[in-house]
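A quick write-up on the structure given underneath.
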Amino acid sequence: MASSNSKPKNRFAKYNPFSGGKSGDLSLPFFAYVMILLVVGIVMMSSASYAWAYSEHGGDGLYYAKNQAKNAVIGFVAMIFFMKMDYHNFKNLKLPLLKKINVASLMYILGAALLVAVLLIGNDEGGSMGARRWIDIGPLNLQPSEVAKLSLIIFFAYSMERDGKKMNNFSTGIIKYAVILGVYVLLIALEKHISGIILLGTIAIAMILCGGVNKKHFIALGAGALGLIIAYISWQAQVPDSYVAVRIKSWKDPFADKLNDTWQTANSLIAIGSGGLFGLGLGNSRQKYLYLPETKNDFVFPIVCEELGFAGALAIIIVFFLLIVEGYSIAVRCKDRFGMLIAVGITTQIGIQTVLNLAVVSNLIPNTGISLPFFSYGGTALIMQLAEMGIMLNISQHRYYPDEKPKQPKKKKKSEGSSENALPKGA
Numbered sequence: 074m075a076s077s078n079s080k081p082k083n084r085f086a087k088y089n090p091f092s093g094g095k096s097g098d099l100s101l102p103f104f105a106y107v108m109i110l111l112v113v114g115i116v117m118m119s120s121a122s123y124a125w126a127y128s129e130h131g132g133d134g135l136y137y138a139k140n141q142a143k144n145a146v147i148g149f150v151a152m153i154f155f156m157k158m159d160y161h162n163f164k165n166l167k168l169p170l171l172k173k174i175n176v177a178s179l180m181y182i183l184g185a186a187l188l189v190a191v192l193l194i195g196n197d198e199g200g201s202m203g204a205r206r207w208i209d210i211g212p213l214n215l216q217p218s219e220v221a222k223l224s225l226i227i228f229f230a231y232s233m234e235r236d237g238k239k240m241n242n243f244s245t246g247i248i249k250y251a252v253i254l255g256v257y258v259l260l261i262a263l264e265k266h267i268s269g270i271i272l273l274g275t276i277a278i279a280m281i282l283c284g285g286v287n288k289k290h291f292i293a294l295g296a297g298a299l300g301l302i303i304a305y306i307s308w309q310a311q312v313p314d315s316y317v318a319v320r321i322k323s324w325k326d327p328f329a330d331k332l333n334d335t336w337q338t339a340n341s342l343i344a345i346g347s348g349g350l351f352g353l354g355l356g357n358s359r360q361k362y363l364y365l366p367e368t369k370n371d372f373v374f375p376i377v378c379e380e381l382g383f384a385g386a387l388a389i390i391i392v393f394f395l396l397i398v399e400g401y402s403i404a405v406r407c408k409d410r411f412g413m414l415i416a417v418g419i420t421t422q423i424g425i426q427t428v429l430n431l432a433v434v435s436n437l438i439p440n441t442g443i444s445l446p447f448f449s450y451g452g453t454a455l456i457m458q459l460a461e462m463g464i465m466l467n468i469s470q471h472r473y474y475p476d477e478k479p480k481q482p483k484k485k486k487k488s489e490g491s492s493e494n495a496l497p498k499g500a
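Position in the sequence shown (from 1) plus 73 gives the number in the working numbering.
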């Protein structure tokens, strides 16, 4: 028996990047859902982008498919690395020269620096109407907003764990994190990247709620913020030819101006409706032949519906749903607050991004330009998403399992003819 003075073994060694959980505790369902979505996503993006790739890249119909496959390989390597690396190193590892700055803080600073850099030297690749969202670094094309999502999640989780019960105070739980979020939101707003703001805001809301904020403070602030958003949208909707007014008009009647403003939404709905129950067959989409723009990116799912039909689209939605449920399950059963908050942030990101993309392509909400995880074309997005899945898999190795009650040994039943009950001879 160990002595009372012995110190418990530190499970998470400060400078051992691969300490922590056992691989046997890995969430195999989560890993399976990720691999299904990754493989199906590459296949469907390849099919959806073929005609546009052929037209834009000198007859190379597999141009986008080959690039996405390379990104998937890089992302898979990143996933395995972060799956093996103990996620506690985000807060435990510190810079050699700046000992007060750990990896979590560095990621937040790096995310902000990239968002500033894209405003200075960025480009509008991807047809974003003059918005600066990408940085060319040699052969690499980086989208800083994708890096900012994970940076915010890691830094929020680290800071909230440190604040602990202070999260119940208005100045800490609301003001502090509104300022931290506000830095990113302001920089992304200058990019004219509305969907990025929506995603970061939703991630922040979920993490603040789970971080221990005073619910009354949060509801009051949320109601005020919602009121301001509604007022702003209502005001912009009255301004002729404003960005908001055009999007709302297209949303209300997607076939009103199908040769101009509503072209994309109208052809998206045609593609979805053309699939029927079982679809036209893989590769047999008609709308992808230069009718529907952005089939490789935000509007890949309508081609999925057209080629695989309602049954195929529903199956993919179910896999996304199972991935999100398993992600929140990993968060709920995490042994520490830091891991729980990271899992909440990452799962919320994938979940809200999926829901908003499906809502946009089906015209449930106005077009906001949100990509579909694992399906939409984009190197930075896919690599960052797979890296996040690796972090989730590492967190899954540190889940809490209720202790099993020790099994009591079965008592042997005494037979009626045992020696204790047997009558002596001659009785």
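No residue lacks a Cβ here, since even glycine has one placed at the ideal position from N, Cα and C.
Just so you know, these numbers come straight off a predicted model, no measurement behind them.
Problem - Where Pro169 falls, given that 16 or more other Cβ within 10 Å makes a residue buried - result: By the 10 Å Cβ count, Pro169 comes out exposed.
Practice task
May I ask which residues mark the beginning and end of the beta strand (DSSP E) holding Leu213?
Solution key: Start and end: Leu213 to Leu215.
Handout entry: Rounded C-alpha distance that separates Thr453 from Ile303
Key = Going from the Cα of Thr453 to the Cα of Ile303 covers about 32 Å.
Exercise for the section: Could you tell me whether the Cβ atoms of Ser341 and Val434 are closer together than 7 Å? Expected result: A contact, by the Cβ cut-off of 7 Å.
Handout entry: Given 8 Å, three or more beta-carbon pairs between the region 440-449 and the region 399-415
Key = Between the region 440-449 and the region 399-415, the count of C-beta pairs closer than 8 Å stays below three; the two stretches do not touch.
Exercise for the section: Go to Ile210, then tell me how far its beta strand (DSSP E) extends in each direction, as first and last residue. Expected result: DSSP places Ile210 inside the beta strand (DSSP E), whose first and last residues are Ile208 to Ile210.
Exercise for the section: List in chain order: all unbroken alpha helix (DSSP H) runs of 4+ residues lying wholly within the region 300-358. Expected result: Within the region 300-358, the runs of alpha helix (DSSP H) that reach at least 4 residues and sit entirely inside it are, in chain order, 316-325 and 336-347.
Problem - Per-residue burial, Ser469 [other beta carbons within 10 Å of its own, 16 or more giving buried] - result: With 16 or more Cβ atoms within 10 Å of its Cβ, Ser469 is classed as buried.
Handout entry: Member of Met180, Asp209, Asp133 and Glu367 whose CA lies at the smallest distance from the CA of Ile194
Key = Check the Cα spacing between Ile194 and each of Met180, Asp209, Asp133 and Glu367: the tightest is with Asp209.
Handout entry: CA-to-CA distance, Leu225 to Ser218, given in whole angstroms
Key = Ser218 and Leu225 have their C-alpha atoms some 10 Å from each other.
Practice task
Return the chain-ordered list of same chain residues with a C-beta closer than 6 Å to the C-beta of Tyr364, the five sequence neighbours on each side being excluded.
Solution key: In chain order, Asn340 place their CB closer than 6 Å to the CB of Tyr364, counting only its own chain and leaving out the 5 sequence neighbours on each side.
Handout entry: Same chain only: Cβ atoms within 7 Å of Ile425, ignoring 5 sequence neighbours per side
Key = Taking Ile425 as the centre and dropping the five residues before and after it, the same chain places the C-beta of Leu272 and Thr275 closer than 7 Å to its C-beta, in chain order.
Practice task
Report the partner residues of Cys407 according to the DSSP bridge assignment.
Solution key: According to DSSP, Cys407 bridges with Arg472.
Exercise for the section: Could you tell me the boundaries of the alpha helix (DSSP H) in which Val116 lies? Expected result: It spans Leu101 to Glu129 - the alpha helix (DSSP H) in which Val116 sits, taken as one unbroken run.
Exercise for the section: Closer than 8 Å by C-beta to Ala138: which residues in its own chain qualify, once you throw out the five before and the five after it? Chain order, please. Expected result: Excluding sequence neighbours, Ala138 sits near Ile115, Met118, Ser119, Ser122, Tyr123 and Ala126.
Handout entry: Range covered by the alpha helix (DSSP H) that runs through Lys143
Key = Residues Tyr136 to Lys157.
Exercise for the section: Please state whether DSSP places Lys288 in a helix, a strand or coil. Expected result: It is helical.
Practice task
Have a look at Ala105 and Ser244 and give me their C-alpha separation to the nearest angstrom.
Solution key: So the two alpha carbons sit approximately 42 Å from each other.
Exercise for the section: Could you say if the region 456-466 and the region 141-159 meet the contact criterion of at least three C-beta pairs nearer than 8 Å? Expected result: Enough Cβ pairs lie closer than 8 Å, so yes.
Exercise for the section: Go ahead and label Glu379 buried or exposed: buried means 16 or more other beta carbons lie within 10 angstroms of its beta carbon, across all protein chains shown. Expected result: Buried.
Handout entry: Whole-angstrom distance between Ser307 and Val377, CA atom to CA atom
Key = Put simply, the backbone Cα of Val377 is about 34 Å away from that of Ser307.
Exercise for the section: Would you decide whether Ile443 is buried or exposed? Buried here means 16 or more other CB atoms lie within 10 Å of its CB. Expected result: It counts as buried.
Exercise for the section: Below 8 Å on the Cβ atoms is my guess for Glu399 versus Ser100; work out the distance and round it to an integer in Å. Expected result: 6 Å between Cβ atoms; contact.
Exercise for the section: Identify, in the order they occur along the chain, each residue of the same chain with its Cβ nearer than 7 Å to the Cβ of Met145, setting aside the five sequence neighbours on each side. Expected result: In the sequence as presented, Met is not what sits at residue 145; that position holds Ala. If the five residues before and after Ala145 are omitted, its C-beta is found closer than 7 Å to the C-beta atoms of Leu111, Ile115 and Leu455, all from its own chain and listed in chain order.
Handout entry: Where Asn467 sits in the DSSP three-state scheme
Key = Asn467: helix per DSSP, three-state reduction.
Problem - Within the region 387-468, ranges of the alpha helix (DSSP H) (whole runs, at least 4 residues) - result: For the alpha helix (DSSP H) assignment, the uninterrupted runs of no fewer than 4 residues enclosed by the region 387-468 are, from N- to C-terminal side, 410-434.
Handout entry: Separation of Ile270 from Ala298, as counted between CA atoms
Key = Each residue's Cα considered, the two are about 14 Å apart.
Problem - Range of the contiguous alpha helix (DSSP H) that encloses Leu170 - result: Looking at the DSSP string, Leu170 is not in any alpha helix (DSSP H), and its letter there is neither H nor E.
Practice task
Verify whether the separation of the beta carbon atoms of Leu192 and Arg205 is less than 7 Å.
Solution key: Cβ atoms of Leu192 and Arg205: closer than 7 Å.
Practice task
Mind reading off the beta-carbon distance from Ala221 to Gly246? Whole number of angstroms is fine, and I expect it under 8 Å.
Solution key: A Cβ-Cβ separation of about 22 Å leaves Ala221 out of contact with Gly246 under the 8 Å criterion.
Problem - Three-state secondary structure assigned by DSSP to Ala75 - result: Summary for Ala75: the model assigns pLDDT 43, below 50, so the residue's position carries little reliability, and this model does not support an answer.
Practice task
Could you check which residue in Val189, Val286 and Ala310 has the C-alpha nearest to that of Gly237?
Solution key: The candidate whose alpha carbon is nearest that of Gly237 is Val286.
Practice task
Have a look at Glu129, Leu171, Ile153 and Phe163 and flag the residue whose alpha-carbon is nearest the alpha-carbon of Ile415.
Solution key: Looking at the Cα atoms, Phe163 is the closest of the given residues.
Practice task
Give every residue of the same chain whose Cβ lies closer than 8 Å to the Cβ of Glu264, excluding the five residues on either side of it in the sequence, and list them in chain order.
Solution key: Residues Leu188, Val191, Leu192, Gly195, Ala204, Arg205, Arg206 and Ser218 of the same chain have their beta carbon placed closer than 8 Å to that of Glu264, with the five preceding and five following residues left out of the count.
Handout entry: C-alpha gap between Arg320 and Gln337, whole angstroms
Key = So the two alpha carbons sit approximately 11 Å from each other.
Problem - Cβ distance (whole Å) where Ala230 is taken to contact Gly385 below 8 Å - result: Rounded to whole angstroms, the Cβ separation of Ala230 and Gly385 is 36 Å, and the two are not in contact under 8 Å.
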